[in-house]
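Engineer: Next up is a structure, given as structure tokens.
Protein chains in written order, with our numbering: chain B, 52 to 297; chain Y, 4 to 113.
Printed below as a string of structure tokens:
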């Protein structure tokens, strides 16, 4: 087994807040440049850039966790990851049917465009992606797990769009596969202040919106090889797999 | 004033927590941020919110809230109802929005 560097929270140009330079091609070359072995594609409430990034990353030997950063009804941001495109597409359908039909205004929120490998725009998402879906955090968690996915509340230490900011405290029976703390969080302080999180693995990622931010925080996975099953085992601390924060 | 008087006066629907309906009301509090309610709500207040997550019952219990009014006809989650019955904190519902129901409650308590 070996250590593999993972940055599991990266936005693309499809997120309204994602920089226009965050094309699939740029993300993959920047990830390779930063020495990442595993990246997570987590746009706000959409999965539409995962396929192309996975395809481009494969050529560079980078493993891609297909996913999204979903905003639950309570406006809690949560990372969701899926093992294959079939599950990912079913989650996309779930997002499409549960995201309110409110249009994006690019001049206020930013562009929501999907591009091809040559950076040509091939799709524009009209619905505002930073909205909350109409499903509760527990409903969302249950659906992600029903699809065999991983459910990880994002940047839980932040006082904005986190489980703590929105719900006051960690729901005691929360069925999460890990918790993400933001890249500026001090892990020692966090664990001291939140002993209730000790039953979860903590991961740290960049939450990159700009190319230069990719890999600015990462989590090291001690696993056999980069794969969904190995990553899941490491998050659960099973079979000697583990994670180490940078 | 008792919760039952508030229910009549504001035409609220009782969703759960029937055993807490004899609670006495000392005032009202309006907030959708649970950390704010934990910090600022007072014992015996009736709390108006759009949140439906089970954590509202824990917060209500912690602060000895008399009852919770959920606005705009939102339906609480099943585990919220269950915990409300265990903690005897009534969850009440109105189709009105927060501004309107808070105004009417203020009038009623004045």
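Backbone N, C-alpha and C fix where the C-beta goes; we use that ideal spot for every residue, glycine too.
(1) Along the chain, which unbroken stretches of the alpha helix (DSSP H) at least 4 residues long are found entirely within the stretch 205 to 277 of chain B?
(2) Following the continuous beta strand (DSSP E) through residue 54 of chain B, name the residue where it begins and the one where it ends.
(3) Between residue 49 of chain Y and residue 99 of chain Y, how many whole angstroms is the CB-CB distance? I'm expecting something under 8 Å.
(4) Do you know whose CA, among B:281, B:170, B:222, B:250, lies nearest residue 127 of chain B's CA?
(5) What residue from B:65, B:73, B:235 has the CA that sits closest to residue 265 of chain B's CA?
(6) Relative to the alpha-carbon of residue 63 of chain Y, which residue among B:129, B:218, B:255, B:168 has its alpha-carbon at the smallest distance?
(7) Using a C-beta cutoff of 8 Å, does residue 4 of chain Y count as contacting chain B?
(8) Please return the same chain residues whose Cβ sits closer than 8 Å to the Cβ of residue 299 of chain B, not counting the five positions on each side in sequence.
(9) Looking at the unbroken beta strand (DSSP E) that takes in residue 296 of chain B, where does it start and where does it end?
(10) What are the residues in the stretch 169 to 191 of chain B lying within 9 Å of chain Y by C-beta distance?
(11) Could you check whether residue 254 of chain B and residue 107 of chain B sit closer than 8 Å to each other, using their CB atoms as the reference points?
(12) In the DSSP assignment, what residue or residues form a beta bridge with residue 44 of chain Y?
(13) Just to make sure I have the definition right: I need the residues of chain B whose C-beta is within less than 8 Å of the C-beta of residue 38 of chain Y. Which are they?
(14) Which residues of chain Y have a Cβ atom closer than 7 Å to the Cβ of residue 204 of chain B, listed in chain order?
(15) So residue 146 of chain Y is in the alpha helix (DSSP H); what residue range does that whole segment cover?
(16) Do residue 55 of chain B and residue 251 of chain B come within 8 Å of each other at the CB atom, strictly closer than that value?
(17) Which full runs of the alpha helix (DSSP H) of 4+ residues lie inside the stretch 86 to 116 of chain B, going along the chain?
(18) Terminal residues of the continuous beta strand (DSSP E) containing residue 95 of chain Y?
(19) Sort out for me which residues DSSP pairs residue 154 of chain B with in a bridge.
(20) DSSP three-state label for residue 165 of chain B, please.
(21) For the stretch 122 to 142 of chain B and the stretch 185 to 198 of chain B, state whether three or more C-beta atom pairs, one from each stretch, are separated by less than 8 Å.
(22) Measuring only the C-alpha atoms, how far is residue 162 of chain B from residue 100 of chain B?
(23) Is DSSP giving residue 122 of chain B helix, strand or coil here?
(24) Taking the beta carbon of residue 102 of chain Y as the centre, do at least 16 other beta carbons fall within 10 Å, making it buried, or is it exposed?
(25) Are the Cβ atoms of residue 205 of chain B and residue 103 of chain B separated by less than 8 Å?
(26) Taking the CB atoms as reference points, tell me whether residue 12 of chain Y and residue 27 of chain Y lie closer together than 8 Å.
(27) What are the start and end residues of the beta strand (DSSP E) that includes residue 105 of chain Y?
(28) Would you identify the three-state DSSP class for residue 79 of chain B, choosing helix, strand or coil?
(29) Provide the residue(s) that pair with residue 19 of chain Y in DSSP beta bridges, ordered along the chain.
(30) Chain B beta carbons: is any one of them nearer than 8 Å to that of residue 62 of chain Y?
Structural biologist: So, from the data block:
(1) Entirely contained in the stretch 205 to 277 of chain B, the alpha helix (DSSP H) runs reaching 4 residues are, in chain order, 214 to 218, 238 to 244.
(2) As a working mapping, residue 54 of chain B is identified with position 3 in the first chain. Run containing residue 54 of chain B: 53 to 61, per the beta strand (DSSP E) assignment.
(3) In the second chain, counting from the first residue as 1, residue 49 of chain Y sits at position 46. In the second chain, counting from the first residue as 1, residue 99 of chain Y sits at position 96. About 14 Å; that fails the 8 Å criterion.
(4) Counting from 1 along the first chain, the entry for residue 127 of chain B is found at position 76. When only C-alpha atoms are compared, the closest one is B:222.
(5) Sequence index remark: in the first chain, residue 265 of chain B carries index 214 (1-based). It is B:73.
(6) Here residue 63 of chain Y corresponds to residue number 60 of the second chain, with the count starting at 1. Minimum Cα distance to residue 63 of chain Y is reached at B:218.
(7) Within the second chain, residue 4 of chain Y is the residue found at index 1, counting from 1. With 8 Å as the cut-off, residue 4 of chain Y does not count as an interface residue toward chain B.
(8) No information on residue 299 of chain B is available, as it lies outside the stretch 52 to 297 that chain B covers here.
(9) To locate residue 296 of chain B, count along the first chain from 1; it is residue 245. The continuous beta strand (DSSP E) containing residue 296 of chain B extends over residues 293 to 296.
(10) Within the stretch 169 to 191 of chain B, the qualifying residues are 187, 188, 189, 190.
(11) Numbered from its first residue, the first chain carries residue 107 of chain B at position 56. Numbered from its first residue, the first chain carries residue 254 of chain B at position 203. No, the pair does not count as a contact, with Cβ atoms beyond the cut-off.
(12) Taking the first residue of the second chain as position 1, residue 44 of chain Y is located at position 41. DSSP output for residue 44 of chain Y lists no bridge partner at all.
(13) Here residue 38 of chain Y refers to the residue found at position 35 when the second chain is read from its first residue. Taking the beta carbon of residue 38 of chain Y as reference, the chain B residues within 8 Å of it are 215, 216, 219, listed in sequence order.
(14) As a working note, residue 204 of chain B is residue 153 in the first chain. Going along chain Y, no residue has its Cβ under 7 Å from residue 204 of chain B, so there is no contact; the nearest lies around 13 Å.
(15) Nothing about residue 146 of chain Y can be reported from this structure: the residues present for chain Y run from 4 to 113 only.
(16) Numbered from its first residue, the first chain carries residue 251 of chain B at position 200. Numbered from its first residue, the first chain carries residue 55 of chain B at position 4. The answer is no: Cβ separation not under 8 Å.
(17) For the stretch 86 to 116 of chain B, the full-length alpha helix (DSSP H) segments reaching 4 residues or more read 101 to 110 along the chain.
(18) Stepping through the second chain from its first residue, residue 95 of chain Y is reached at position 92. Looking at the DSSP string, the run of the beta strand (DSSP E) that includes residue 95 of chain Y is 94 to 96.
(19) In the first chain, counting from the first residue as 1, residue 154 of chain B sits at position 103. Residue 154 of chain B has B:178 as its beta-bridge partners, per DSSP.
(20) Position 114 of the first chain, counted from the start, is the residue given in the question as residue 165 of chain B. It is a strand residue.
(21) Cβ pair count under 8 Å is three or more, so yes.
(22) Walking along the first chain from the start, residue 162 of chain B turns up at place 111. Walking along the first chain from the start, residue 100 of chain B turns up at place 49. As the crow flies, the alpha-carbon of residue 162 of chain B is around 14 Å from that of residue 100 of chain B.
(23) Position 71 of the first chain, counted from the start, is the residue given in the question as residue 122 of chain B. Of the three classes helix, strand and coil, the one that applies to residue 122 of chain B here is strand, per DSSP.
(24) Locating residue 102 of chain Y in the second chain gives position 99, counting from the first residue. That one is exposed.
(25) On the first chain, position 154 is the one that residue 205 of chain B refers to. On the first chain, position 52 is the one that residue 103 of chain B refers to. Going by C-beta atoms, residue 205 of chain B is not nearer than 8 Å to residue 103 of chain B.
(26) Residue 12 of chain Y sits at position 9 when you count from the first residue of the second chain. Residue 27 of chain Y sits at position 24 when you count from the first residue of the second chain. In this structure, residue 12 of chain Y lies away from residue 27 of chain Y, with their beta-carbon atoms at least 8 Å apart.
(27) The residue given as residue 105 of chain Y occupies position 102 in the second chain. Looking at the DSSP string, residue 105 of chain Y is not in any beta strand (DSSP E); the run it does join, the alpha helix (DSSP H), is 101 to 112.
(28) Start at 1 with the first residue of the first chain, and residue 79 of chain B comes out as number 28. In this structure, residue 79 of chain B counts as helix in the three-state DSSP scheme.
(29) By 1-based counting over the second chain, the position of residue 19 of chain Y is 16. Per DSSP, Y:94.
(30) In the second chain, the residue the question calls residue 62 of chain Y occupies position 59. Yes, its Cβ sits closer than 8 Å to a Cβ of chain B.
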